[in-house]
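Enquirer: The structure that follows is given in the form of structure tokens.
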Amino acid sequence: MLTGHHLIYFAPETWDGLWRNRQQLMSLFARCNQVLYVEEIPRLKKVVKKVRQGTLSVSDFKRPPVRQVAESLFVFQYPLLGAHNNRPVLRYLTDWARRSALKKTLTSLKVEKPIVWIHRPEMVDMIDELPDWSMLIYHVVDEYSAYGGQSSASRQRTAEREQKLMEIADVVVVVSDELYKSKSPYNPNTYLVRNGVNFDAFDRALKDDFLPDVFQTIPQPRLGYSGSIGDRLDFEMLTEVALHHTDWSLVFLGADNVSPRARKQWEALKSLPNVYELGPVSADQVPYFVKGFNVGLMPYIQNNFSHNISPLKLYDYLAAGLPIACIDIPAVQDFAAHIHIAKNPQDFACALKSALADSSEERKRERIDLAKQNTWEARVDQLSKIIERHLV
Numbered sequence: 001m002l003t004g005h006h007l008i009y010f011a012p013e014t015w016d017g018l019w020r021n022r023q024q025l026m027s028l029f030a031r032c033n034q035v036l037y038v039e040e041i042p043r044l045k046k047v048v049k050k051v052r053q054g055t056l057s058v059s060d061f062k063r064p065p066v067r068q069v070a071e072s073l074f075v076f077q078y079p080l081l082g083a084h085n086n087r088p089v090l091r092y093l094t095d096w097a098r099r100s101a102l103k104k105t106l107t108s109l110k111v112e113k114p115i116v117w118i119h120r121p122e123m124v125d126m127i128d129e130l131p132d133w134s135m136l137i138y139h140v141v142d143e144y145s146a147y148g149g150q151s152s153a154s155r156q157r158t159a160e161r162e163q164k165l166m167e168i169a170d171v172v173v174v175v176s177d178e179l180y181k182s183k184s185p186y187n188p189n190t191y192l193v194r195n196g197v198n199f200d201a202f203d204r205a206l207k208d209d210f211l212p213d214v215f216q217t218i219p220q221p222r223l224g225y226s227g228s229i230g231d232r233l234d235f236e237m238l239t240e241v242a243l244h245h246t247d248w249s250l251v252f253l254g255a256d257n258v259s260p261r262a263r264k265q266w267e268a269l270k271s272l273p274n275v276y277e278l279g280p281v282s283a284d285q286v287p288y289f290v291k292g293f294n295v296g297l298m299p300y301i302q303n304n305f306s307h308n309i310s311p312l313k314l315y316d317y318l319a320a321g322l323p324i325a326c327i328d329i330p331a332v333q334d335f336a337a338h339i340h341i342a343k344n345p346q347d348f349a350c351a352l353k354s355a356l357a358d359s360s361e362e363r364k365r366e367r368i369d370l371a372k373q374n375t376w377e378a379r380v381d382q383l384s385k386i387i388e389r390h391l392v
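Number 97 in my numbering belongs to position 97 of the sequence shown; there are no gaps in the numbering.
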């Protein structure tokens, strides 16, 4: 593993939010390196809204900018007074507040020649604020221009920023074959490093008899989804499944991030008597909930977004030994022998029936063994070799 370096990871969310690849990777890199995980920049509109709602107090504005979450792992929060806004004069002051707070933190942690890890195209505007780095890594986990809710002009800006970032970066890391095809022409040092799984966490859960109490009230078979609940899910398809198979329980584990555009469809789905919304749980509890499923669901809308993803839940479900039903997307083709793939929404119920029948102990063991080949530790080793190859 890479050893003895300073890493700064600029993330699009908080450390304590839904655990994704960045928290997993940085937790492991921190075993042999000093890691500073920089949380998302607060937005002025959200800060003002929370103040009006009374969910922010004076103490929140005085919070320490950095906290230590492990021996060599630190999490930095931008000051609320540095919240991002679009008013020119105010923006000058808030930009200064953010730069000043980050600079003081880097000085206090004695950060020198860091490996800088950037996650989103809009972060290209921050590059001039960063310290003298030894390497700049751009880590692409989605086709960002395919995110919902963007105007055509916004999509174009995202694409332009991303192209600039890819040209500047020393290394570009992508998580799927489709992203590699679209990004590698912009940077010769583009590498495919797929997502992975915390295999040990699932192994412990499977060996433990504990099952969350909520499952006592949810009849089997339980067709479960774990992850962020948002517009990428095909709620209409799932509603048809729930309506026509009332003996199946559809279970959703994760935060509700559904936009107003899809809110009506989601509300209609979860109003059905055989649909269960469990809400989010901490990362260490996820394996105990997932093992309570009979089938793992990957019910995506087939579009440009899902065409480019590398779902973490794929590896989680495999580590739990679950049969998986998935809509046809490129990310699952290498696992086709272990997944029940629906070519289109009309075939999804058939894929579910096939998955329910695929529950033998032998097949379960095959899926677990496959997950064991795709651990985060293996991904960190792969990334370490890439970084060492390109370090100045």
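Glycine included, every Cβ here is placed at the ideal spot set by N, Cα and C.
(1) Measure the alpha-carbon distance for R67 versus N85 and round it to whole angstroms.
(2) Under 8 Å, with one C-beta from each stretch per pair, do the stretch 178 to 194 and the stretch 202 to 212 reach the 3-pair mark?
(3) To the nearest angstrom, how far is the alpha carbon of L223 from that of V275?
(4) Could I get the ranges of all uninterrupted alpha helix (DSSP H) runs contained in the stretch 120 to 197, with 4 residues as the minimum, in chain order?
(5) Where does P121 land, buried or exposed, given buried means 16+ other C-beta within 10 angstroms?
(6) Would you please state the rounded distance, in angstroms, between the beta carbons of V171 and H390? I believe it to be under 8 Å.
(7) In or out: Q23 buried (at least 16 other Cβ within 10 Å) or exposed?
(8) Looking only at C-alpha atoms, which of A169, R161 and T190 sits nearest to V175?
(9) Mark I168 as exposed unless 16 or more other C-beta atoms lie within 10 angstroms of its C-beta, in which case mark it buried.
(10) Leaving aside the five residues before and after A70 along the sequence, list all residues of the same chain whose C-beta is less than 6 Å from its C-beta, in chain order.
(11) M26 bridges to which residues according to DSSP?
(12) Decide if N304 is buried, meaning its Cβ has at least 16 other Cβ atoms within 10 Å, or exposed.
(13) Between F235 and the rest of its own chain, which residues show a CB-CB distance below 7 Å, the 5 nearest in sequence each way excluded?
(14) Please determine, among G321, P345 and Q346, the residue with the shortest C-alpha to C-alpha distance to I339.
(15) Among I229, D284 and K164, which has the Cα closest to the Cα of M298?
(16) If you draw a straight line from the C-alpha of D231 to the C-alpha of A146, how long is it?
(17) Nearest to H119 by alpha carbon, out of A357, R63 and F10?
(18) Which whole runs of the beta strand (DSSP E) in the stretch 203 to 287 are 3 residues long or more, in chain order?
(19) Under 8 Å between C-beta atoms, does R120 make it to chain B?
(20) To the nearest angstrom, how far is the alpha carbon of S151 from that of N33?
(21) DSSP beta-bridge partners for V111?
(22) Tell me which residue opens and which closes the alpha helix (DSSP H) that H390 is part of.
(23) Spatial neighbours of L272 within its chain, please: C-beta separation below 6 Å, excluding the five flanking residues on both sides.
(24) Reducing DSSP to helix, strand and coil, say where A70 ends up.
(25) Can you tell me where the beta strand (DSSP E) holding F10 begins and where it ends?
Expert: Let me spell this out:
(1) 25 Å
(2) no
(3) 10 Å
(4) 152 to 168 and 177 to 183
(5) buried
(6) 5 Å
(7) buried
(8) T190
(9) exposed
(10) A30
(11) In the DSSP output, where bridge partners are listed per residue, M26 has none listed.
(12) exposed
(13) A262, Q265, W266 and L269
(14) G321
(15) I229
(16) 12 Å
(17) F10
(18) 222 to 226, 249 to 253 and 275 to 279
(19) Absent from the structure is chain B; it holds one protein chain and no more.
(20) 41 Å
(21) Bridge partners of V111: none, in fact.
(22) W376 to H390
(23) A242
(24) strand
(25) H6 to F10
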